[in-house]
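Residue numbering for the sequence shown follows full-length UniProt numbering, starting at 1 and increasing by one per position. Note that CB positions come from ideal geometry on N, CA and C, so glycine has one too.
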Amino acid sequence: MDGDNRKIRVHLWHDTVSRWFNRIVAGGTDTMGTVHIVGDELVALAAALRLAQVRHKVTIISSSPRWLESAERPLAPELGSTLQIPSAWRDLFAKSGRAMEAELVSIGLNLVTEPDTQISSSVADISLPTDRGAQIHTVRDRYGHRIAHKWRNVLDHADTIWQARRQYGVEHAVTSRPEPLPEPLHVDLPSPLAELSADETRLAITRIFGCWNLVGPDGPTDLQPLLTLLNKRLTRRGVIVDPSPNDSPNAIIDTTAPAPRHSRWHRPARPWSSPTITVSTSSEMPSNHGMAHQLDWKAEGLVETWSWWDGARTHRICHDYTRPIPNPELGTAWSAWRNRPPMVWRQEGSIPVLAASPASHGGPEPWARLLTGALAAYLTHERLTGEDIRPSNKVIGAAGRPRRSHSSTDRVSTRRLDR
1 MDGDNRKIRV HLWHDTVSRW FNRIVAGGTD TMGTVHIVGD ELVALAAALR
51 LAQVRHKVTI ISSSPRWLES AERPLAPELG STLQIPSAWR DLFAKSGRAM
101 EAELVSIGLN LVTEPDTQIS SSVADISLPT DRGAQIHTVR DRYGHRIAHK
151 WRNVLDHADT IWQARRQYGV EHAVTSRPEP LPEPLHVDLP SPLAELSADE
201 TRLAITRIFG CWNLVGPDGP TDLQPLLTLL NKRLTRRGVI VDPSPNDSPN
251 AIIDTTAPAP RHSRWHRPAR PWSSPTITVS TSSEMPSNHG MAHQLDWKAE
301 GLVETWSWWD GARTHRICHD YTRPIPNPEL GTAWSAWRNR PPMVWRQEGS
351 IPVLAASPAS HGGPEPWARL LTGALAAYLT HERLTGEDIR PSNKVIGAAG
401 RPRRSHSSTD RVSTRRLDR
């Protein structure tokens with residue numbers, strides 16, 4: 001009997017190895033399901049790569065994906081040149097193939113800490129580091145102990161806002177109207193600290209995760225190389241980009257923002273305001289080396305610029321919030337965050353459709369779009385297979401590098417975007 005059991009185990013092992021080998025030889029043709037993804041930006045890109053990696057047949061429905069440098073509306077200028085929450089990008093690379101650092105090195109780039117951001121207004125200017133202690137020290141030296149104490153309170157409250165956002169749309173899908181986020185903290189601060197404190201999420205993630213630039217032998221660059229690497233990975237994973245596919249999907253992910261809801265009793269929520277974006281180059285060499293990132297508050301609003309020298313020319317990206325553009329593609333204004341559409345399934349005939357877009361509760365920031373795409377991929381895979389593939393074995397450090405927890409008694413730790 002023991003001999004028969006050994007033969008059965010050997011046969012099962014041989015059958016498993018044979019199926020695994022045949023899958024590799026066939027290029028993973030035993031697909032789990034057919035998924036269509038409607039959209040042309042980061043949510044669609046992130047969801048497509050993750051689903052293709054777990055053997056779904058994926059088609060992105062788009063005529064001009066915005067992650068391409070040659071797109072009708074290229075995405076890179078919209079992203080700026082600062083990489084925030086690199087763990088969101090690292091995780092996408094890791095869950096779809098080779099690690100991000102290895103891919104960057106293959107094209108001669110490295111991820112380096114961005115120099116201190118230059119912050120200015122009509123009243124004053126200050127160079128503010130990202131580290132909490134260094135920030136408080138800088139504020140104390142410039143404005144005194146009383147303002148430094150207020151700034152410490154601002155940083156603490158910003159962390160509270162960030163923790164709330166993590167729970168609602170960043171790490172977990174929001175499927176119904178959520179509880180409100182904590183109220184903003186109103187503190188009397190001198191300019192430009194007062195203006196800087198208004199965006200508490202940005203303040204928190206900058207401090208926790210830092211700011212990063214792509215840098216090569218000739219100097220810094222924008223984020224287009226990351227998008228190009230991910231586009232090449234789409235091809236390697238067999239993802240099709242087609243504006244009019246002929247096959248019938250098992251599920252659809254719609255990454256476009258739904259139309260605003262109209263009611264006789266309520267006015268539509270104010271849409272998100274995007275800046276006017278300009279891209280320019282010049283032959284004039286800048287005074288600084290490396291990435292120059294500046295936040296300049298005018299009376300009408302913020303003007304954010306990035307400028308860098310590539311060895312031949314100076315490049316400049318400008319996000320001008322003094323000339324805002326209503327952008328419903330990115331959802332409602334943050335004051336109407338609770339009214340953003342939940343990430344839920346609906347039926348179109350016999351096909352389930354998941355709404356997941358920059359207009360979702362995760363938010364419109366680049367890192368938020370990547371994480372919304374991840375949530376969409378997990379929900380879609382679970383819908384089609386019953387399998388939950390949400391990661392549960394890594395903790396993400398401040399710089400986004402995965403590290404293992406040794407304190408868990410059951411040998412399993414929770415993946416978090418944490419310090």
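Residues of its chain near residue i, where Cβ-Cβ distance is below 7 Å and the 5 sequence neighbours each way are ignored
{"i": "L371", "result": "A88, V170 and G362"}
{"i": "L234", "result": "A48 and L49"}
{"i": "F93", "result": "A99, M100 and E103"}
{"i": "R9", "result": "For R9, the pLDDT reaches just 49, beneath the cut-off of 50, and the residue's location in the model is therefore unreliable, although a value from the coordinates is still provided. Answer for R9: no residue qualifies."}
{"i": "L12", "result": "Model confidence at L12 stands at a pLDDT of 45, short of 50, so the residue's coordinates are unreliable; what they give is reported in the following sentence. Excluding sequence neighbours, L12 sits near nothing in its chain."}
{"i": "I161", "result": "L181, P182, E200, T201 and A204"}
{"i": "N110", "result": "L104 and V215"}
{"i": "L384", "result": "M32, G33, N250 and A251"}
{"i": "E72", "result": "S64"}
{"i": "L223", "result": "A76, L79, S81, L83 and L214"}
{"i": "L227", "result": "W67, L75 and A76"}
Residue span of the beta strand (DSSP E) that contains residue i, given as start and end
{"i": "E387", "result": "Neither: E387 is in no beta strand (DSSP E) and is coded neither H nor E."}
{"i": "S273", "result": "S273 to S282"}
{"i": "S120", "result": "T117 to S121"}
{"i": "R346", "result": "W345 to E348"}
{"i": "A99", "result": "Run containing A99: none; DSSP gives neither H nor E here."}
{"i": "V112", "result": "N110 to T113"}
Host alpha helix (DSSP H) of residue i (start-end)
{"i": "V139", "result": "R132 to Y143"}
{"i": "W89", "result": "P86 to A94"}
{"i": "L79", "result": "A76 to L79"}
Residues sharing a beta bridge with residue i, DSSP
{"i": "I325", "result": "S274"}
{"i": "D320", "result": "T276 and V303"}
{"i": "K150", "result": "Per DSSP, none; premise fails for K150."}
{"i": "I126", "result": "I119"}
{"i": "W308", "result": "H315"}
{"i": "I252", "result": "H36 and V353"}
{"i": "Q294", "result": "Q118 and T305"}
{"i": "T332", "result": "P271"}
{"i": "L49", "result": "Paired residue(s): none; L49 is not in a bridge."}
{"i": "I60", "result": "I37 and V241"}
Short CB-CB distance (under 8 Å) between residue i and chain C
{"i": "S121", "result": "This model lacks chain C altogether, as it is built from one protein chain only."}
Beta-carbon proximity list for residue i, same chain, < 6 Å, skipping 5 on both sides
{"i": "P260", "result": "P268"}
{"i": "D159", "result": "A204"}
{"i": "T281", "result": "R313 and H315"}
Chain-order list of residues whose beta-carbon lies under 8 Å from that of residue i (same chain, five-residue window excluded)
{"i": "P192", "result": "I119, S120, S121, V123, A124, D125, I126, L295 and W297"}
{"i": "M285", "result": "W309 and T314"}
Which parts of the region 163-239 are runs of the beta strand (DSSP E), unbroken and 3 residues or longer, counting only runs that do not cross its ends? 211-216 and 219-221
Can you confirm whether the region 194-208 touches the region 153-166 when touching is taken to mean that 3 or more C-beta pairs between the two stretches lie within less than 8 Å? yes
The region 246-258 touching the region 379-388, judged by at least three CB pairs closer than 8 Å: Verdict: yes, contact present.
Check whether the region 219-235 and the region 44-64 touch, using three or more Cβ-Cβ pairs below 8 Å as the test. yes
Count Cβ pairs between the region 351-361 and the region 333-343 that sit closer than 8 Å; are there 3 or more? yes
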